[in-house]
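Trainee:
In my numbering, the protein residues as written are 150 to 381.
Structure follows, in structure tokens:
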């Protein structure tokens, strides 16, 4: 019923108790509203990884009144299924689980990774799911503060590292910082020591935006031809 009201996403997230907009935790609502409002009244298909109590699933259902929300979680959350919402039990670190999901439900307009927050899972899920994101769609990775955490934080052991560590480039945040360079692939003068995978991705991404604890990847045709004279 709330879908008929012109409520902003921060208000909707708060009403449903989502930690995406909660004092002392996260304040993603304003950014998400600006990013996602163009999809609001379309037949949008959104995939969310990691469901907790399902608060954000209810918020997405409200914000996208004509959309379909797909949720996956490593635990059984089938009770969250409902109108325009389908739920699967799946491991974001399993190639087989993600492939099966994409066969059943892809392609997607929006993918939000709010799963384990482990760097290796964030990177793995992106590589497996990004091909199933439509052009014009967005891939959002939440809670990337774990890229900067190593050792125990909040009672868990994380796989990040300090930014001064050369290994930071292998974290989620470090990986996307490196990938951002390849959005300018058309201006590269030399092809020496380039990463072929990043080159391929760079041709499919029009923007990568970084903000506090969130990375957003905008998919689109970036296969531009270089204007550089004398390119090798």
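Where a beta carbon is used, it is the ideal one built from N, C-alpha and C, also for glycine.
Under 8 Å by Cβ, that's how I've got residue 288 and residue 273 pegged, so tell me the actual separation to the nearest angstrom.
Mentor: As a working note, residue 288 is residue 139 in the chain shown. As a working note, residue 273 is residue 124 in the chain shown. So it is not a contact: roughly 13 Å between Cβ atoms.
Trainee: Quick test of the definition: if touching needs 3 or more C-beta pairs under 8 Å, does the region 226-239 touch the region 288-308?
Mentor: Because the criterion of three Cβ pairs below 8 Å is not met, the region 226-239 and the region 288-308 do not touch.
Trainee: When DSSP labels each residue in this structure, what does residue 302 get in the three-state scheme?
Mentor: Numbered from its first residue, the chain shown carries residue 302 at position 153. It is a strand residue.
Trainee: Does any residue of chain B bring its CB to less than 8 Å from the CB of residue 168?
Mentor: No chain B appears in this structure, which consists of one protein chain only.
Trainee: Rounded to the nearest angstrom, what separates residue 195 and residue 323 at their Cα positions?
Mentor: Your numbering for residue 195 matches position 46 in the chain shown. Your numbering for residue 323 matches position 174 in the chain shown. About 26 Å.
Trainee: Name, in chain order, the residues that DSSP records as bridge partners for residue 262.
Mentor: Your numbering for residue 262 matches position 113 in the chain shown. Answer is 198 and 290.
Trainee: In the DSSP output, which residue or residues are listed as bridge partners for residue 358?
Mentor: For the purposes of this step, residue 358 is taken as residue 209 along the chain shown, with counting starting at 1. According to DSSP, residue 358 bridges with 365.
Trainee: Could you tell me the boundaries of the beta strand (DSSP E) in which residue 237 lies?
Mentor: On the chain shown, residue 237 is found 88 positions in, with the first residue counted as 1. From DSSP, the beta strand (DSSP E) with residue 237 extends over 234-238.
Trainee: Exposed or buried, residue 268, counting other C-beta atoms within 10 Å across all chains shown (16 or more means buried)?
Mentor: Counting from one through the chain shown, the residue named residue 268 turns up at place 119. That one is buried.
Trainee: If contacts are defined as beta-carbon pairs under 8 Å, then residue 253 and residue 234 qualify, I think. What distance do you get, rounded to the angstrom?
Mentor: Here residue 253 is taken as the residue at index 104 of the chain shown, counted from 1. Here residue 234 is taken as the residue at index 85 of the chain shown, counted from 1. Actually they are not in contact, since the Cβ atoms of residue 253 and residue 234 sit about 14 Å apart, beyond 8 Å.
Trainee: My output table needs one value for residue 282: the three-state DSSP class, helix, strand or coil.
Mentor: Taking the first residue of the chain shown as position 1, residue 282 is located at position 133. Strand, per DSSP.
Trainee: Locate the alpha helix (DSSP H) running through residue 163, then write down its first and last residues.
Mentor: Locating residue 163 in the chain shown gives position 14, where the first residue counts as 1. 158-164 is the span of the alpha helix (DSSP H), which, as asked, contains residue 163.
Trainee: Whose C-beta lies closer than 8 Å to the C-beta of residue 348 among residues of the same chain, with five residues either side of it excluded?
Mentor: Position 199 of the chain shown, counted from the first residue, corresponds to residue 348. Within the same chain, residue 348 has close Cβ partners 331 and 334.
Trainee: Using C-beta distances below 6 Å, list every residue in its chain close to residue 246, excluding the 5 sequence neighbours before and after it, in chain order.
Mentor: The count along the chain shown starts at 1 and reaches residue 246 at position 97. Once the five neighbours on either side are set aside, the close Cβ partners of residue 246 are 239 and 240.
Trainee: Ordered along the chain, which non-local residues of its own chain (more than five positions away) have a Cβ less than 6 Å from that of residue 192?
Mentor: Start at 1 with the first residue of the chain shown, and residue 192 comes out as number 43. Once the five neighbours on either side are set aside, the close Cβ partners of residue 192 are 215.
Trainee: So what's residue 324 in DSSP terms, helix, strand or just coil?
Mentor: Within the chain shown, numbered from 1, the residue matching residue 324 stands at position 175. Of the three classes helix, strand and coil, the one that applies to residue 324 here is helix, per DSSP.
Trainee: Starting from residue 370 and walking both ways along the alpha helix (DSSP H), at which residues does that stretch end?
Mentor: Taking the chain shown and counting its residues from 1, one reaches residue 370 at position 221. Secondary structure note for residue 370: it is in no alpha helix (DSSP H), with a DSSP letter that is neither H nor E.
Trainee: Assuming residue 302 contacts residue 290 (C-beta within less than 8 Å), just tell me the rounded distance between them.
Mentor: Along the chain shown, one-based indexing puts residue 302 at 153. Along the chain shown, one-based indexing puts residue 290 at 141. Wrong, their Cβ atoms sit about 18 Å apart, outside the cutoff.
Trainee: Out of 337, 266 and 213, point me to the one whose CA is closest to residue 259's CA.
Mentor: Here residue 259 corresponds to residue number 110 of the chain shown, with the count starting at 1. 213 is the residue among 337, 266 and 213 whose C-alpha sits nearest the C-alpha of residue 259.
Trainee: Could you check what DSSP says for residue 341 in three-state terms: helix, strand or coil?
Mentor: Start at 1 with the first residue of the chain shown, and residue 341 comes out as number 192. Residue 341: coil per DSSP, three-state reduction.
Trainee: List the endpoints of the continuous beta strand (DSSP E) containing residue 220.
Mentor: Mapped onto the chain shown, residue 220 falls at position 71. Where residue 220 is concerned, the enclosing beta strand (DSSP E) stretches over 217-222.
Trainee: Looking at the secondary structure, which residues open and close the alpha helix (DSSP H) in which residue 208 lies?
Mentor: Your numbering for residue 208 matches position 59 in the chain shown. That run of the alpha helix (DSSP H) goes 204-212.
Trainee: Out of 327, 223 and 186, point me to the one whose CA is closest to residue 237's CA.
Mentor: Looking up residue 237 in the chain shown gives position 88. Per the Cα distances, 223.
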